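> Residue numbers (numbering that gives the first Met the number 0), protein chains in the order written: chain P, 0 to 566; chain S, 0 to 343.
The beta-carbon is built from N, C-alpha and C at its ideal position, and this holds for glycine as well.
This one's a predicted model, so the numbers in the text were calculated from it and none came from an experiment.
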Amino acid sequence: MKPFDIVIVGGGGAGLYAAMEAMKTNPALNIAVLSKVYPNRSHTSAAQGGANAALGNKAKDDTVEMHIFDTIKGGDYLADQDAVDVLCSEAPKIIRELENMGTPWSRMEDNTIAQRPFGGAGRPRCCYCSDKTGHTILQTLYEQCLKKGVIFFNEYFALNLSVSGSRSNGLIAMNMKTGKVEAFQAKTVILATGGYAKMYWNRSSNAAGNTGDGQAIAYRAGIPLKDMEFVQFHPTGLRKSGLLVTEGARGEGGYLLNKDGERFMSRYAPEKMELGPRDLVSRSLETEILQGRGFDSPAGKYLHLDLTHLGADLIKSRLPQIREMSMNFEGVDPIEEPIPVRPTAHYSMGGIDTDNQTRTVMEGVYAAGECGCVSVHGANRLGGNSLLDILVFGRIAGRTAAEEAGKFTPGRISEAELAEQFEEIRGGMHPSGRYERYGELREELGQTLALNVGIFRESSLLQKGISDIAELKERFKKVRISDSSDVFNTNLMQVLELKNMLDLAETVAAGAYARQESRGSHTRIDFPVRDDANWHKHTLATLVKGDVTLGEKPVTMGRYELQERTY
Amino acid sequence: MTVSTDQHKEGKKEVTFRVFRFNPQVDSKPYFDDYTIPVERGVTVLRSLNYIKEHIDGSVSFRAFCQAGICGSCGMRVNGLSQLACTTQVWDVLAKSREPGIIKVEPLRNLPLIKDLIVDMDPLVGKMVHYSNWVDSTMPEAQMGKKEFLISEEEFLRYDKATDCILCASCVSECSILRANKEYVSPAVLLKSYRMNVDSRDASHDQRLAELVKDHGVWDCTHCYRCQESCVKSIPIMDAIHGIREDAIESRGKHDTSGSKHAEAFMTDIEKKGKLIEATLPIRTNGVVWTLQNLLPMAMKMIMKRRTPPPPPLVKSVKGIKIFRAMFKEMTEHVKQDHKSHNK
């Protein structure tokens with residue numbers, strides 16, 4: 000079989016935009032999108048709030064320049080300023096492009112795309128479609144890909160890159176419908192598999208499948224991961240499930256209240272109040288809880304997100320999904336009562352280290368979206384910038400791979416290599432004697448991460464986290480797969496996902512332990528201030544002989560000098 | 000994980016999940032497995048299935064992804080009704096369960112079965128492609144990104160609900176036409192087609208509509224409303240189906256297809272008599288030739304069994320036809336008004 004020109008792993012916003020742009024760049028190319036779910040199921044659909052772009056529809060004086068500054072400041076000066084330039088200057092164009100190809104958007108009175116305020120932004124620049132923005136964007140992209148005739152390999156689980164020396168020969172993946180391990184020889188591979196925040200499990204807003212498959216694949220192939228310690232906790236997860244209540248709820252005017260009925264954000268961000276950046280608001284909630292001002296319940300301590308004063312009409316028209324979720328998962332109608340919330344692991348700022356064109360250090364391998372780390376979000380992502388990131392850098396990845404595919408000649412992926420992969424995933428997983436349960440390991444991983452590598456971090460906690468993860472990795476060797484079927488073995492898939500999470504958890508904990516400062520989402524109780532002299536740099540985690548090895552990379556600066564970050 | 004919430008004071012129930020099982024590698028036909036687990040209030044069907052998979056039988060197979068009712072992966076039939084497992088509360092189902100304490104979980108209908116609760120979604124995607132379920136923008140690709148289309152909130156509201164669709168295929172599973180004819184376009188695809196057709200940015204309205212009025216298309220729906228009743232996002236799917244039909248008659252004329260002629264014959268009869276004149280309905284719908292070729296043997300049988308409907312002159316108007324006609328006229332006016340304000 001002829002090698003593919005481009006194989007895209009992941010069918011969310013970044014992957015689909017990449018596919019579309021690659022076909023546009025060169026229609027003659029042989030492009031495939033691989034996804035472990037049907038693309039329209041991807042987690043892009045869960046993004047509720049919107050996408051930032053300085054269109055100036057709502058605030059006429061908004062500018063790209065202000066968007067750039069907000070993003071850099073929001074990221075606590077760890078973002079690369081040239082990359083942020085690209086993100087924000089492309090924003091208005093790409094939002095219009097989506098609009099032009101059919102994405103539904105809520106509208107202003109003058110019939111332009113509606114915009115609303117979002118955390119950490121100086122102007123209301125978040126473009127939205129009620130509270131289903133990600134869903135409608137994903138639908139549009141999937142529809143447009145079907146229109147263009149993109150070839151999809153749905154329900155394929157990516158296993159590993161096939162590597163010869165410094166270059167990739169393509170991808171090895173398991174067909175879920177048959178259980179067969181198949182080769183996708185490819186000149187270029189774009190990894191766009193989303194984030195890894197599901198490793199926090201019940202304390203995460205993510206879909207069950209946000210297990211960092213792409214990052215783990217890259218890591219195992221020797222590609223460095225950047226800034227893995229930066230995991231964003233969203234301030235308002237539902238108390239019981241960790242599911243998300245969009246920042247849009249606060250954008251529309253929702254209050255955060257403690258058990259004394261106090262709008263406690265006045266203590267932490269007197270000016271921006273509830274619309275401070277996420278890291279700050281999450282820490283504020285956690286502090287309120289730690290200092291005994293939270294509500295108590297057997298499902299854990301929590302605070303109130305109060306929307307009742309917004310009125311039934313606004314809640315029904317602008318936040319219908321939130322209302323539905325609160326009723327389904329908490330039994331609370333936000334029109335009548337406040338929603339019980341607490342911070343939940345939500346987004347991974349870290350990811351595969353790439354340049355501004357989404358290239359990784361390995362020839363022919365690219366990464367985009369939450370899977371990659373350019374970095375545009377630095378130490379903390381602003382709400383409304385993640386949809387933007389997947390669109391802008393998804394497109395760049397598609398274009399770059401299409402332009403560069405001709406340069407590479409991938410080697411053949413041998414039958415022996417496939418057999419070896421098959422043996423690795425199927426052979427060793429029916430241990431005799433005492434065995435480990437997948438569910439327990441996953442649960443324990445989530446617990447130790449939330450406890451020891453969570454919102455507030457500290458040397459001894461992190462050491463505990465690191466040793467827990469190491470122990471879990473050891474126990475994982477004895478994990479048992481109780482389904483022996485070849486057809487749609489979801490049990491096997493879950494175990495493989497757990498393996499990816501364990502590999503990545505090690506890099507998150509290692510990075511968090513090494514970084515002796517507090518910056519953005521990374522808060523060290525023992526090093527409470529930002530230390531620009533020693534730590535104004537990216538961390539790189541590389542797998543060397545089976546161990547995490549940490550390196551570093553300078554931050555690209557530009558117009559904006561380091562400043563203290565206050566809101 | 001244990002299935003627990005903070006409300007354990009409210010008690011626990013032993014619930015038996017009767018799960019549809021089929022592994023094509025070993026089973027010649029499907030069967031059911033019973034799993035009895037303690038479930039507390041507030042627990043969803045999906046969490047219960049996760050519990051079963053993790054603690055009792057890892058081979059029970061189903062799809063699940065976001066677990067928050069937005070990705071559409073976990074569509075399945077719970078006690079006979081197609082819905083999302085992740086947003087369905089166990090206690091709610093139990094309250095309506097025919098067999099106390101038992102919840103039957105089966106795969107969606109009308110799509111090919113793969114394994115246990117997993118069905119093949121490819122036929123649905125194939126139909127989305129066949130009926131061009133995308134906006135074919137009036138703007139050339141090279142021009143895109145430069146300026147916005149100006150769309151009124153009013154136009155946005157026309158497709159707002161339709162874009163809530165998460166393709167969970169609950170409507171597909173409940174559709175009574177699909178049970179008889181797998182080639183039928185299916186409710187979700189009609190909904191999406193409608194959404195594209197009312198979008199002023201789209202340039203393919205006429206071609207899409209031409210495809211929709213063909214065999215297996217929009218005229219095959221029998222208005223059973225099961226799609227709408229089962230929609231997990233409460234989308235008025237039937238409004239979309241009616242919308243396409245009205246649009247077809249308006250823009251393509253009443254005599255364009257047998258479907259539109261059928262609808263028109265209904266209108267004429269009801270207006271005239273207050274009921275159907277069944278004897279000539281096939282002729283008015285499909286023409287004399289088709290009727291003779293296709294229905295003659297059945298007509299003969301009906302004559303033999305004295306089951307033929309009365310000939311048109313013998314069909315009497317219903318009682319109170321005058322009042323009915325006035326009502327009918329008023330209704331038709333209302334619909335016309337609605338359309339005008341809609342199309343502004």
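(1) Nearest chain P C-beta to G216(S) closer than 9 Å, yes or no?
(2) Can you check the stretch 194–275 of chain P for any beta strand (DSSP E) of at least 3 residues that lies completely inside it and give the ranges in chain order?
(3) Taking the DSSP output, what are the residues bridged to E435(P)?
(4) How far does the beta strand (DSSP E) with R166(P) in it extend, from its first residue to its last?
(5) Does the distance from the CB of Q143(P) to the CB of A58(P) come in under 9 Å?
(6) Please classify Q446(P): does DSSP put it in a helix, a strand, or coil?
(7) What do you get for V317(S), buried or exposed, if any count of 16 or more other CB atoms within 10 angstroms of its CB means buried?
(8) CA-CA distance, D61(P) and R124(P)?
(9) Please list, in chain order, the chain P residues whose beta carbon lies closer than 8 Å to that of S58(S).
(10) Using 10 angstroms around the beta-carbon of T408(P), count the other beta-carbons present and answer buried if the total reaches 16, otherwise exposed.
(11) Would you call R411(P) buried or exposed, if buried means 16 or more other Cβ atoms sit within 10 Å of its Cβ?
(12) Residues in its own chain within less than 6 Å of G211(P) by CB, not counting five upstream and five downstream?
(13) Using alpha carbons as the reference points, say which of G14(P), L242(P), P234(P), E270(P) lies closest to L255(P).
(14) Using a 10 Å radius around the Cβ and a threshold of 16 neighbouring Cβ atoms, would you call H222(S) buried or exposed?
(15) Closer than 6 Å by C-beta to T541(P): which residues in its own chain qualify, once you throw out the five before and the five after it? Chain order, please.
(16) Does the CB of Y183(S) have a neighbour CB from chain P at under 9 Å?
(17) Could you tell me which residues DSSP puts in a beta bridge with T399(P)?
(18) Would you kindly check if the distance between the Cβ of G79(S) and the Cβ of S169(S) is under 9 Å?
(19) Can you find the residues in the same chain that come closer than 8 Å, C-beta to C-beta, to T522(P), ignoring five residues on each side of it along the sequence?
(20) When the distance is taken between beta carbons, is T399(P) closer than 9 Å to A217(P)?
(21) Alpha carbon to alpha carbon, what distance is there between Y301(P) and T43(S)?
(22) Could you pull out every residue in the same chain whose Cβ sits closer than 8 Å to the Cβ of Y224(S), ignoring the five residues on either side in sequence?
(23) Against chain S, which members of the stretch 169–192 of chain P pass a CB distance test of less than 8 Å?
(24) Counting only the same chain and skipping the five closest in sequence on each side, list residues whose C-beta sits under 7 Å from that of K131(P).
(25) I'd like to confirm the pairing. Which residues does DSSP put opposite R20(S) in its beta bridges?
(26) Determine the burial state of T4(S): buried for a count of at least 16 other Cβ atoms within 10 Å of its Cβ, exposed for fewer.
(27) Note down the Cα distance separating K304(S) from L295(S), rounded to an integer number of angstroms.
(28) Whose CA, out of P553(P), V149(P), A185(P), P38(P), lies closest to the CA of G363(P)?
(29) Please confirm whether L145(P) has its beta-carbon closer than 9 Å to some beta-carbon of chain S.
(30) Taking C-beta pairs closer than 8 Å, name the residues in chain P that N285(S) reaches, listed in chain order.
(31) Below 8 Å on C-beta distance, what does R95(P) contact in chain S?
(32) So with Cβ pairs under 9 Å, would you call V44(S) a contact of chain P?
(33) Interface residues of chain S around I338(P) at Cβ under 8 Å?
(34) Whole angstroms are fine: how far does the CA of L48(S) sit from the CA of L43(P)?
(35) Would you decide whether A404(P) is buried or exposed? Buried here means 16 or more other CB atoms lie within 10 Å of its CB.
(36) How is the beta strand (DSSP E) around N153(P) delimited, first residue to last?
Quick look at the numbers:
(1) no
(2) 230–237, 254–256
(3) V478(P)
(4) 166–174
(5) no
(6) helix
(7) exposed
(8) 8 Å
(9) S481, D482, S483, S484, N490
(10) exposed
(11) exposed
(12) Y195, N499, L503
(13) P234(P)
(14) exposed
(15) P223, T548
(16) no
(17) Paired residues: none, contrary to the question.
(18) no
(19) D278, R282, I454, F455, R456
(20) no
(21) 22 Å
(22) M237
(23) K176
(24) Q47, Q320
(25) Y30(S)
(26) With a pLDDT of 43 at T4(S), under the threshold of 50, the modelled position of that residue is not reliable, and the figure given next carries that caveat. When all chains shown are included, T4(S) counts as buried.
(27) 14 Å
(28) A185(P)
(29) yes
(30) Here the premise fails: no neighbours, minimum Cβ distance about 34 Å.
(31) M143, G144, K145, K146, E147
(32) no
(33) Those within 8 Å of I338(P) in chain S number zero; the least Cβ separation is about 14 Å.
(34) With the sequence shown as reference, residue 43(P) is identified as Thr, and Leu is not the correct amino acid for it. Cα-Cα distance, rounded: 25 Å.
(35) buried
(36) 150–153
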